[in-house]
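Protein chains in written order, with my numbering: chain A, 7 to 395; chain B, 7 to 395; chain C, 7 to 395; chain D, 7 to 395. As structure tokens, the structure follows; a few thoughts come after it.
Number of protein chains: 4
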Amino acid sequence: MINGEKGASRSIKWGMVGGGKGSNIGYIHRSAALRDNNFDLIAGAFDIDPQRGIDFAKELGVSEDRCYGDYKKMLEEEAKRKDGIEAVTIATPNGTHYEISKACLEAGLHVVCEKPLCFTYEEAEELEKLATENNLIFGVTYGYSGHQMVTEARELIANGDLGEIRLINTQFAYGFFAGPVEELYPASKWRLSSKNAGPSFILGDVGTHSWHMAETMVPGLKIEELMCAMQRFGKGRELEDNAHVLIKCNDGIFCNLWASAINSGSHHGMKIRVVGSKASIEWFAERPNQLRYEIEGEAVRILERGAGYLHDSSKETDRIGAGHPEGLFESWSNMYRRFAIAMDAASRNDQEFLKTFWYPNVHEGAEGVKFVEACVASDKEGAAWVSVK
Amino acid sequence: MINGEKGASRSIKWGMVGGGKGSNIGYIHRSAALRDNNFDLIAGAFDIDPQRGIDFAKELGVSEDRCYGDYKKMLEEEAKRKDGIEAVTIATPNGTHYEISKACLEAGLHVVCEKPLCFTYEEAEELEKLATENNLIFGVTYGYSGHQMVTEARELIANGDLGEIRLINTQFAYGFFAGPVEELYPASKWRLSSKNAGPSFILGDVGTHSWHMAETMVPGLKIEELMCAMQRFGKGRELEDNAHVLIKCNDGIFCNLWASAINSGSHHGMKIRVVGSKASIEWFAERPNQLRYEIEGEAVRILERGAGYLHDSSKETDRIGAGHPEGLFESWSNMYRRFAIAMDAASRNDQEFLKTFWYPNVHEGAEGVKFVEACVASDKEGAAWVSVK
Amino acid sequence: MINGEKGASRSIKWGMVGGGKGSNIGYIHRSAALRDNNFDLIAGAFDIDPQRGIDFAKELGVSEDRCYGDYKKMLEEEAKRKDGIEAVTIATPNGTHYEISKACLEAGLHVVCEKPLCFTYEEAEELEKLATENNLIFGVTYGYSGHQMVTEARELIANGDLGEIRLINTQFAYGFFAGPVEELYPASKWRLSSKNAGPSFILGDVGTHSWHMAETMVPGLKIEELMCAMQRFGKGRELEDNAHVLIKCNDGIFCNLWASAINSGSHHGMKIRVVGSKASIEWFAERPNQLRYEIEGEAVRILERGAGYLHDSSKETDRIGAGHPEGLFESWSNMYRRFAIAMDAASRNDQEFLKTFWYPNVHEGAEGVKFVEACVASDKEGAAWVSVK
Amino acid sequence: MINGEKGASRSIKWGMVGGGKGSNIGYIHRSAALRDNNFDLIAGAFDIDPQRGIDFAKELGVSEDRCYGDYKKMLEEEAKRKDGIEAVTIATPNGTHYEISKACLEAGLHVVCEKPLCFTYEEAEELEKLATENNLIFGVTYGYSGHQMVTEARELIANGDLGEIRLINTQFAYGFFAGPVEELYPASKWRLSSKNAGPSFILGDVGTHSWHMAETMVPGLKIEELMCAMQRFGKGRELEDNAHVLIKCNDGIFCNLWASAINSGSHHGMKIRVVGSKASIEWFAERPNQLRYEIEGEAVRILERGAGYLHDSSKETDRIGAGHPEGLFESWSNMYRRFAIAMDAASRNDQEFLKTFWYPNVHEGAEGVKFVEACVASDKEGAAWVSVK
């Protein structure tokens with residue numbers, strides 16, 4: 007149980023790029039990182055508008071000399087300091103992730119980056135290589151993977167309680183773009199243009215979360231072939247607002263993934279069901295404190311977060327006891343806690359520890375980019391099967 | 007509200023082939039047909055074993071001279087009588103449906119046949135043609151389509167309350183075959199052999215129900231292209247025990263259909279979600295008295311069977327008032343009631359009425375066979391897209 | 007599993023009083039009794055209007071000479087016949103139950119009576135005595151008690167799986183009378199007048215169902231003391247439209263019962279939770295195919311009707327297999343099946359069998375009347391505790 | 007929407023008594039208070055063991071000279087400072103709340119105290135009087151009342167959307183004490199002794215939460231009379247482990263409240279249903295992001311936290327958008343945010359603002375104590391009705 011203790015033995019010295027005033031995602035990053043003092047926010051370049059960024063940094067209590075107008079300046083100045091930042095979170099528009107991540111890695115800093123990591127797999131591989139070669143932690147914020155019941159699912163599967171894994175059905179399907187929202191809310195327009203959002207809208211935005219959830223629950227999962235049918239239901243949309251993907255994975259595992267922005271009446275709609283030869287599990291991100299565990303031939307069981315019968319590794323991140331609901335903030339906090347633990351281990355060069363320690367990392371981020379690339383390629387060929395290596 | 011009144015002005019004179027002693031499906035047919043006196047059971051050839059069939063017919067109260075040892079005899083003898091049967095239900099093994107249906111139609115009888123109607127689309131077309139040309143009603147027992155909330159869904163969609171229809175996600179995915187059940191229960195073996203079950207196991211057995219549900223809720227739905235990936239997870243199985251089908255339909259409607267016998271921990275698992283540009287509906291056959299109605303931007307509504315706010319056509323088949331659950335027997339009863347109404351209209355040659363009166367008919371049965379044939383063809387080509395005409 | 011077999015070795019010769027044309031409850035009685043030929047409907051006095059009753063009887067296929075204009079005539083004429091009826095169902099207005107039941111018993115007939123059995127416990131005792139002394143079966147239609155999962159609950163409790171029983175929380179709380187429905191639907195007025203409905207509206211109408219459910223699940227349950235607070239929320243109502251009852255039972259079991267007609271937004275609302283020292287069970291009559299089984303310290307389990315893991319006595323009345331929903335009609339059918347079995351045993355004078363065979367009987371009906379009487383008495387004394395013997 | 011902004015214009019200077027190392031409730035207080043910088047933790051006497059308290063304060067980053075060994079010292083020293091604390095949270099054992107609260111108020115500090123506020127209503131009144139006379143804010147941590155959907159319920163009711171309020175059914179019923187836990191976990195023993203826990207176990211511990219929830223949702227709710235039946239199911243328990251309370255409130259509102267520690271299989275079990283003449287609402291604290299809104303005669307609606315259709319005052323505290331679950335930490339954060347706003351207003355002596363600004367305050371805490379006192383008195387008289395003034 008977490009009662010305010012840091013994950014690592016110390017707080018990580020931390021800066022942010024983006025996520026400025028009024029940004030909800032910036033707030034979520036800070037809420038998660040600062041929780042239980044896993045990170046200390048001591049520098050930041052929070053805004054594309056330098057002055058606004060500096061003002062906001064001050065509001066957040068960053069000392070004046072470390073409130074920066076742009077990230078390059080931050081990297082330059084922090085590098086000169088003995089107490090310079092060790093890690094940077096990047097919460098800027100998608101199109102800038104690659105460039106900023108690269109610069110941070112080259113500056114010898116650990117990175118936490120929003121997803122999608124970048125727009126091409128080539129770029130992603132480069133970032134992964136840079137991180138690996140420089141012994142740097144590179145976390146990607148697949149924020150759902152920190153839920154306690156996701157850990158529980160992972161444990162059940164790793165223990166073989168489901169038997170051999172056969173099927174994964176997963177979706178992230180909301181309805182906000184069912185109508186012509188880009189006309190009503192111009193701020194939402196960028197998501198639908200390849201220039202700003204990359205080669206895909208809904209798969210890149212949320213389909214990658216669903217795929218990552220599958221990877222998290224089923225360790226070792228790899229795509230071998232996939233096919234993807236994309237649709238553009240909203241009039242005049244350049245990028246897809248709905249997509250269905252069928253995936254052949256290693257060990258004969260078959261996956262059906264649905265990503266949608268036009269699933270009318272659904273708010274968020276992230277669900278996953280993993281079917282094994284003995285049992286299935288099912289999880290719905292909107293009721294994250296419950297995990298259905300369905301053993302064939304037995305009564306369905308509803309596992310509850312925090313309950314005594316869960317695996318120790320799940321309960322380790324418990325903050326409040328069974329029956330009291332945790333939410334998405336706790337999931338993010340758990341993820342950032344893992345980032346801090348990994349960064350601390352890297353700074354001690356504890357490769358032994360890092361070999362088995364799991365957190366949503368640049369490799370998984372790169373896999374997400376590869377997944378989207380393959381989906382786009384499949385769709386272009388008329389939703390044909392394409393190999394993924 | 008139905009308070010015991012027949013659907014038509016009279017009871018239909020009815021015989022059965024198959025569905026003998028110990029057959030659960032035979033019992034379900036009789037429960038549905040005899041309810042509210044929509045049919046009178048006056049003849050039958052209930053068993054492959056003539057004497058057992060005759061004995062069972064007597065048990066059911068059929069008069070001695072109309073208890074037959076085989077269906078050919080029944081057709082022959084009944085044809086000689088003034089008060090001979092008008093309609094026959096066929097509840098025999100799948101491989102015999104075509105032959106018996108054909109004989110019944112040729113004898114000038116209305117037919118109700120279990121699904122799958124037959125093994126090839128060619129045969130199905132022939133049956134459809136025979137029925138049409140002879141002004142005979144040919145019902146196929148898609149037994150879920152009679153639920154009151156299915157009618158309600160159909161009405162909402164027909165009224166445009168969902169806007170334009172975009173997506174259909176449907177599944178019929180149970181877990182009974184997750185383990186090696188064919189070894190434990192030899193009686194289940196026939197389902198896995200093409201000789202007895204036709205070219206497909208799970209798609210023919212239950213996938214056709216899911217597709218039919220889609221057709222029922224979205225009138226006018228047609229397959230244009232589909233692709234199907236089949237799996238055989240159980241060792242040594244000839245036919246598929248799991249299948250995923252993606253379907254491009256008319257008007258840009260896209261459908262994702264999952265049929266499974268290895269969905270561990272699930273009993274029945276028939277669900278359907280229809281997504282329109284304004285709203286979605288969702289129905290789960292295991293909780294059939296509720297229909298989720300989700301208007302984008304509004305609170306989800308749970309519509310209840312029997313409630314005053316439903317459409318009149320839905321409430322027409324209500325037997326017990328809102329809050330009191332109806333089940334699958336009522337769904338079947340409603341279906342058989344429709345068969346009786348249609349047969350009565352056909353006997354009066356009321357083509358005007360029949361033009362708009364809906365019941366699960368031979369055309370829909372033939373569409374089911376075509377659907378399975380296309381799925382098998384797609385799978386054989388490596389889950390490639392195939393056109394369906 | 008029931009596949010059309012009668013419960014007893016023969017069908018019971020049966021007549022009805024009341025439940026005429028347009029009566030939904032009459033339809034439900036016939037649907038249940040005639041199912042699987044447990045009863046043969048061969049006589050009836052279905053209506054207060056003799057001619058309407060006779061016409062309706064003919065419609066139902068009763069032979070002309072046994073279509074009666076009133077129940078007295080029916081008792082008189084049937085008594086003269088060798089093939090006269092053995093059993094009568096009474097589905098008339100509440101105020102007539104006592105008189106007709108008594109007459110039927112005195113005519114040596116088995117009785118099935120709607121609840122409330124009568125208006126006073128004195129009358130109820132007299133009926134119980136009459137039935138017992140004459141070796142007659144007297145069933146009372148507590149129609150929810152026939153659900154398969156109610157049997158399962160009873161078995162779990164009888165087996166000690168819940169430990170010692172401590173608490174029962176039960177409700178039957180719908181909302182139809184939240185507004186001034188008696189003005190909008192004059193047909194509903196009688197329920198609110200003591201002259202027609204007896205000393206209580208909502209407790210007599212549905213609270214007795216809830217209490218009976220408790221008795222059914224927890225065999226041997228007895229009231230020792232109770233207190234009842236009644237309310238009349240609708241303006242000008244003579245009888246209560248809402249009531250809360252606290253009950254001290256034998257063995258320290260405590261029960262909290264809520265009956266309501268003004269529970270806005272709820273259709274039916276019958277729920278029961280039984281809490282034991284080791285586990286609880288919970289059942290909701292609107293989703294009758296599921297039973298929550300909650301062992302303290304373990305994950306909640308959802309037991310499913312028809313599943314292989316249920317007790318044999320529960321599965322005995324299964325008609326359709328797990329995953330296919332049954333509804334209220336099946337519950338009633340199971341109840342009537344038990345009536346037939348009991349009547350058949352009584353006609354063979356098999357007292358040994360009847361000693362342990364359970365069905366909702368006149369004693370339980372009398373307990374319901376006593377319960378209501380005690381509630382009314384408590385409320386009159388300002389919701390004071392009253393002893394119940 | 008909250009994106010990291012403080013509730014008030016400034017952070018409140020804050021100290022804590024109790025809630026030391028290993029205390030989960032202490033952690034929850036700090037998580038809530040420090041969120042969004044509503045409070046600055048600058049002093050503390052965290053432990054009954056002075057040195058352990060001082061060490062823990064240091065761990066939390068409190069400056070060395072403000073880490074105190076006991077609360078008296080803290081009050082004394084802080085009073086001498088210009089930058090002394092303005093507010094204190096008390097998270098000590100129940101028996102000490104009165105004494106410490108009083109001392110803090112006398113020292114001119116705002117107070118946040120755990121519930122139960124104290125053991126007698128006389129003490130509670132004294133505290134309320136002290137706070138009022140000295141213009142001090144006194145918050146009581148009814149931590150569930152901060153949930154966004156609780157605010158939404160309050161708004162719906164205040165707007166008259168439910169019509170006139172008639173019934174409140176509420177429960178807080180968990181199962182942890184079903185077995186002899188006091189033997190297995192000696193740390194839980196104190197709850198069952200009047201010396202440590204006050205005159206009641208389960209009503210004081212959680213029943214007060216349920217009653218407070220009722221008060222929060224239905225503004226102006228007052229108890230006029232109540233009756234309470236307590237049980238001690240666990241062998242040898244001095245205090246009750248289960249209680250049922252019936253409450254007659256102002257305006258004819260009737261409330262049925264159940265508090266339990268022996269509700270086997272339930273984790274937390276806080277539920278509330280408020281029934282009005284037009285509609286009901288229902289909320290379950292374990293799925294706090296949904297609120298059922300049931301208008302009589304219409305389909306049930308499931309309102310979702312964060313949705314655009316909620317009242318502005320509900321959405322004001324939104325941190326993450328609809329579909330992303332919030333949990334109990336957010337509820338506590340919202341409550342502490344209200345404390346900060348109130349304290350800030352009090353320090354500006356803005357009585358006008360405070361007149362209408364709601365937060366769970368000492369008056370509500372005192373009402374909770376009065377409620378428990380009345381329950382205990384009723385139970386002693388054999389669960390008789392007692393007046394409450």
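Ideal Cβ positions, reconstructed from N, Cα and C, are used throughout, including at glycine. Computed from a predicted model, the values in this text were never measured in an experiment.
Could you tell me which residues DSSP puts in a beta bridge with A:Tyr299? The residue given as residue 299 of chain A occupies position 293 in the first sequence. Answer by DSSP bridge pairing, in chain order: A:Ile287 and A:Arg307.
Tell me, please, whether the CB atom of A:Ala328 is closer than 7 Å to any CB atom in chain D? Position 322 of the first sequence, counted from the start, is the residue given in the question as residue 328 of chain A. A:Ala328 counts as touching chain D.
When the Cα of B:Ala14 is compared with those of B:Ala351, B:Lys27 and B:Glu92, which residue comes out closest? In the second sequence, residue 14 of chain B corresponds to position 8, counting from 1. Nearest in C-alpha terms to B:Ala14, of all of B:Ala351, B:Lys27 and B:Glu92, is B:Ala351.
Note down the Cα distance separating B:Gly314 from B:Val156, rounded to an integer number of angstroms. As a first step, residue 314 of chain B is located in the second sequence; it is residue number 308 there, counting from the start. As a first step, residue 156 of chain B is located in the second sequence; it is residue number 150 there, counting from the start. Near 16 Å, if we compare the C-alpha coordinates of B:Val156 and B:Gly314.
For D:Arg344, go through chain A and note every residue whose CB falls closer than 7 Å to its CB, in chain order. Locating residue 344 of chain D in the fourth sequence gives position 338, counting from the first residue. By Cβ distance, chain A contributes nothing, its closest Cβ being about 19 Å from D:Arg344, past 7 Å.
Mind the definition here: the region 231 to 248 of chain A touches the region 139 to 156 of chain A only if three or more C-beta pairs lie below 8 Å; say whether that holds. Under the 8 Å Cβ criterion, the region 231 to 248 of chain A does not count as touching the region 139 to 156 of chain A, having fewer than three qualifying pairs.
Exposed or buried, which one is A:Asp247 when buried takes at least 16 other CB atoms within 10 Å? Here residue 247 of chain A corresponds to residue number 241 of the first sequence, with the count starting at 1. With 16 or more other Cβ atoms inside 10 Å of its own Cβ, A:Asp247 counts as buried.
Cβ of B:Ile259 within 7 Å of any chain D Cβ: If you number the second sequence from 1, residue 259 of chain B lands on position 253. Under the Cβ criterion of 7 Å, B:Ile259 is not counted among the residues facing chain D.
What is the rounded straight-line gap between the Cα of A:Leu252 and the Cα of A:Pro294? Looking up residue 252 of chain A in the first sequence gives position 246. Looking up residue 294 of chain A in the first sequence gives position 288. If I take the Cα positions, the gap works out to 25 Å.
Would you say B:Arg72 lies against chain D (beta-carbon separation less than 7 Å)? As a position in the second sequence, residue 72 of chain B is number 66, starting the count at 1. Contacts with chain D at 7 Å (Cβ-Cβ) do not include B:Arg72.
Any residues in the region 283 to 314 of chain A with a beta carbon nearer than 8 Å to a beta carbon of chain E? Which ones, in chain order? The structure shown contains no chain E; its protein chains are A, B, C and D.
Could you tell me which whole alpha helix (DSSP H) segments of length 4 or greater appear in the region 88 to 165 of chain A? The region 88 to 165 of chain A contains these whole alpha helix (DSSP H) runs: 103 to 112, 127 to 139 and 154 to 164.
Just the C-alpha distance for C:Tyr299 and C:Gly312, rounded to the nearest angstrom, thanks. Sequence index remark: in the third sequence, residue 299 of chain C carries index 293 (1-based). Sequence index remark: in the third sequence, residue 312 of chain C carries index 306 (1-based). Those two C-alpha atoms are separated by around 16 Å.
Helix, strand or coil for A:Val212 per DSSP? Counting from one through the first sequence, the residue named residue 212 of chain A turns up at place 206. Three-state DSSP puts A:Val212 in a helix.
Simplified DSSP assignment, three categories, for A:Thr323: By one-based count along the first sequence, residue 323 of chain A stands at place 317. In the structure shown, A:Thr323 sits in coil (DSSP, three-state: anything other than H, G, I, E or B).
For B:Arg87 and B:Ile48, the rounded distance between their alpha carbons: One-based indexing of the second sequence puts residue 48 of chain B at position 42. One-based indexing of the second sequence puts residue 87 of chain B at position 81. The straight-line gap from Cα to Cα measures roughly 12 Å.
For the region 13 to 47 of chain C, which segments carrying the beta strand (DSSP E) assignment without a break, of at least 3 residues, lie completely within its bounds, in sequence order? Within the region 13 to 47 of chain C, the complete beta strand (DSSP E) runs of at least 3 residues are 18 to 24.
Sequence-distant residues of its chain with Cβ nearer than 6 Å to C:Leu209 (five each side left out): In the third sequence, residue 209 of chain C corresponds to position 203, counting from 1. Closer than 6 Å at Cβ, skipping near neighbours: Ala249, Ala265, Val378 and Cys381.
I'd like the span of the alpha helix (DSSP H) that includes C:Lys201, first residue to last. Position 195 of the third sequence, counted from the first residue, corresponds to residue 201 of chain C. Taken as a continuous stretch (DSSP letters only), the alpha helix (DSSP H) holding C:Lys201 covers Ser200 to Ala203.
Minimum length 3: unbroken beta strand (DSSP E) runs contained in the region 317 to 395 of chain C: Taken in chain order, the whole beta strand (DSSP E) runs of length 3 or more contained in the region 317 to 395 of chain C number zero.
What first and last residue would you give for the beta strand (DSSP E) that runs through A:Arg172? If you number the first sequence from 1, residue 172 of chain A lands on position 166. Looking at the DSSP string, the run of the beta strand (DSSP E) that includes A:Arg172 is Ile171 to Ala179.
Report yes or no: do the region 170 to 179 of chain C and the region 338 to 358 of chain C share at least 3 C-beta pairs separated by less than 8 Å? With the cut-off at 8 Å, the region 170 to 179 of chain C and the region 338 to 358 of chain C do not touch.
Whether B:Ser393 touches B:Glu231 by CB criterion (7 Å): Position 387 of the second sequence, counted from the start, is the residue given in the question as residue 393 of chain B. Position 225 of the second sequence, counted from the start, is the residue given in the question as residue 231 of chain B. Yes, the pair counts as a contact, with Cβ atoms nearer than the cut-off.
Under 7 Å between C-beta atoms of A:His274 and A:Tyr191: Numbered from its first residue, the first sequence carries residue 274 of chain A at position 268. Numbered from its first residue, the first sequence carries residue 191 of chain A at position 185. In this structure, A:Tyr191 does not lie closer than 7 Å to A:His274 by Cβ.
CB contact below 7 Å: C:Asn340 versus chain D: For the purposes of this step, residue 340 of chain C is identified with residue 334 of the third sequence, where counting begins at 1. Residue-level contact by beta carbon fails for C:Asn340 and chain D, as no gap is shorter than 7 Å.
In angstroms with no decimal places, state the Cα-to-Cα distance between D:Ile278 and B:Trp217. One-based indexing of the fourth sequence puts residue 278 of chain D at position 272. One-based indexing of the second sequence puts residue 217 of chain B at position 211. Roughly 41 Å separates the two Cα atoms.
Thinking C-beta only, is B:Ser320 closer than 7 Å to B:Gln154? Stepping through the second sequence from its first residue, residue 154 of chain B is reached at position 148. Stepping through the second sequence from its first residue, residue 320 of chain B is reached at position 314. Cβ distance < 7 Å, so B:Gln154 and B:Ser320 count as in contact.
Within chain C, partners of D:Ile268 - CB distance below 8 Å: Here residue 268 of chain D refers to the residue found at position 262 when the fourth sequence is read from its first residue. Going along chain C in sequence order, the residues near D:Ile268 (Cβ under 8 Å) are Arg172, Leu173, Val281 and Ser283.
Hey, is the region 41 to 58 of chain D in contact with the region 71 to 85 of chain D, meaning 3+ C-beta pairs nearer than 8 Å? Short answer: they touch.
Min CB distance D:Ala113 to chain C below 7 Å: Position 107 of the fourth sequence, counting from 1, holds the residue named residue 113 of chain D. No, D:Ala113 does not count as interfacial toward chain C.
Using the DSSP secondary-structure output, state which residues sit across from B:Phe239 in a beta bridge. Here residue 239 of chain B is taken as the residue at index 233 of the second sequence, counted from 1. DSSP lists no partner for B:Phe239.
Have a look at C:Ile8 and B:Ala184 and give me their C-alpha separation to the nearest angstrom. Here residue 8 of chain C corresponds to residue number 2 of the third sequence, with the count starting at 1. Here residue 184 of chain B corresponds to residue number 178 of the second sequence, with the count starting at 1. In a straight line, the C-alpha of C:Ile8 is about 27 Å away from that of B:Ala184.
Considering only residues of the same chain and omitting the five flanking positions on each side of B:Glu70, which have a CB-CB separation below 7 Å? If you number the second sequence from 1, residue 70 of chain B lands on position 64. Scanning its chain for C-beta atoms nearer than 7 Å, with the 5 sequence neighbours on each side dropped, one finds around B:Glu70 the residues Lys64, in chain order.
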